[in-house]
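Take the sequence shown: its position 21, counting from 1, is numbered 18 in the numbering used here, and each next residue is one higher. Beta carbons are placed, not taken as given, at the ideal position from N, Cα and C, and that holds for glycine. Because the structure is a prediction, the values reported are computed rather than measured. Here's the structure, in structure tokens; my notes come after.
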Amino acid sequence: MIPVRLTLVSASPRRRALLEKLCLPFDIFPSYASERWMAGNPHDLAIGNARRKVERSEYYPDSDRVLLGADTIIAVESCVFGKPVGRDSARRMLESLSNRWHEVITGIYIYGPNKETDSPGISVDAAASTRVRFRSLSKSDIRGYLDSREWEGKAGAYAIQDAGRELVKEWEGDFDNVVGLPTNLVHDTLIRQFSHCRFL
-2 MIPVRLTLVS
8 ASPRRRALLE
18 KLCLPFDIFP
28 SYASERWMAG
38 NPHDLAIGNA
48 RRKVERSEYY
58 PDSDRVLLGA
68 DTIIAVESCV
78 FGKPVGRDSA
88 RRMLESLSNR
98 WHEVITGIYI
108 YGPNKETDSP
118 GISVDAAAST
128 RVRFRSLSKS
138 DIRGYLDSRE
148 WEGKAGAYAI
158 QDAGRELVKE
168 WEGDFDNVVG
178 LPTNLVHDTL
188 IRQFSHCRFL
């Protein structure tokens, strides 16, 4: 087996905590690639952003690392939401999500060594989707959540694992995906595509 380091290319403490659930040793080296929000398929957008994070990492390409990037976006009908750029942006997002279903999509991109050591590295991408429905939010509900500032840096302007849970009526699918990393998908992809690697 090839000895490698698993590296999470993210500064997100939520993704760090989720990856720890897999009980694999890993380190963290954030990438500061800008996210793009052009029109297109939401799954492709999330995967594309995850890929840019990996490819702009200082360790890409590196033969002794498996690099994991992830990006989460929100899709509601024809609109795609990333992170709000300010309070007004967050307010508009929450108003749009009120009393509606939306899709939380996290794209992952993983790059690592090939089992044939003289061959180019392996790159794998995938996306997970979870449906979430907000309850009907009053102006007071939205104002109170905005005042908490919990929405800052969160796709769709909420954090389901914290006080944002009070905004949610129900969900269908992987809860971890809504938090920011589909742990089952990451685990299955690592086992399937990088079984020749031994994580140090």
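Fill in: Whole-angstrom C-beta distance between Arg49 and Gly177, which should lie under 8 Å
For the purposes of this step, residue 177 is identified with residue 180 of the sequence shown, where counting begins at 1. For the purposes of this step, residue 49 is identified with residue 52 of the sequence shown, where counting begins at 1. About 17 Å separates the beta carbons of Gly177 and Arg49, which is beyond the 8 Å limit, so they are not a contact pair.
Check your understanding: Roughly how far, in whole angstroms, is the beta-carbon of Leu65 from the beta-carbon of Ile105, given that I think they are within contact range, below 8 Å?
Key -> Mapped onto the sequence shown, residue 65 falls at position 68. Mapped onto the sequence shown, residue 105 falls at position 108. The Cβ separation is near 7 Å, so the contact holds.
### Residues that DSSP places opposite Tyr108 in a beta bridge
Taking the first residue of the sequence shown as position 1, residue 108 is located at position 111. Residue pairing by DSSP places Tyr108 opposite Leu64 and Ser120 in a beta bridge.
Would you kindly report the start and end of the unbroken beta strand (DSSP E) that includes Arg195?
-> Taking the sequence shown and counting its residues from 1, the one referred to as residue 195 is at position 198. Element bounds for Arg195: Cys194 to Phe196.
query = Can you find at least 3 beta carbon pairs, one from the stretch 40 to 47 and one from the stretch 12 to 21, that sit closer than 8 Å?
reply = The stretch 40 to 47, when compared against the stretch 12 to 21, does not touch it at the 8 Å Cβ threshold.
Checklist line | DSSP state of Asp24 mapped onto helix, strand, coil | finding: For the purposes of this step, residue 24 is identified with residue 27 of the sequence shown, where counting begins at 1. Three-state result, Asp24: strand.
I'd like the list of long-range same chain contacts for Lys151, defined as Cβ closer than 7 Å, with 5 residues on each side in sequence excluded. Taking the first residue of the sequence shown as 1, we reach residue 151 at position 154. Taken in chain order, the residues that qualify are Lys80.
Looking at the strands, I want to know which residues DSSP matches up with Arg2. In the sequence shown, counting from the first residue as 1, residue 2 sits at position 5. Note: Arg2 is bridge-paired with Arg62 in the DSSP secondary-structure output.
> Going by the CB atoms, is the gap between Ser95 and Gly133 shorter than 8 Å?
Replying inline: Locating residue 133 in the sequence shown gives position 136, where the first residue counts as 1. Locating residue 95 in the sequence shown gives position 98, where the first residue counts as 1. The displayed chain sequence assigns Ser, not Gly, to residue 133. For Ser133 and Ser95, yes; Cβs fall inside 8 Å.
Cβ-Cβ separation, Ile188 to Pro110 (assumed contact under 8 Å), whole Å:
Taking the first residue of the sequence shown as 1, we reach residue 110 at position 113. Taking the first residue of the sequence shown as 1, we reach residue 188 at position 191. No, Pro110 and Ile188 are not in contact; Cβ-Cβ is about 16 Å, not under 8 Å.
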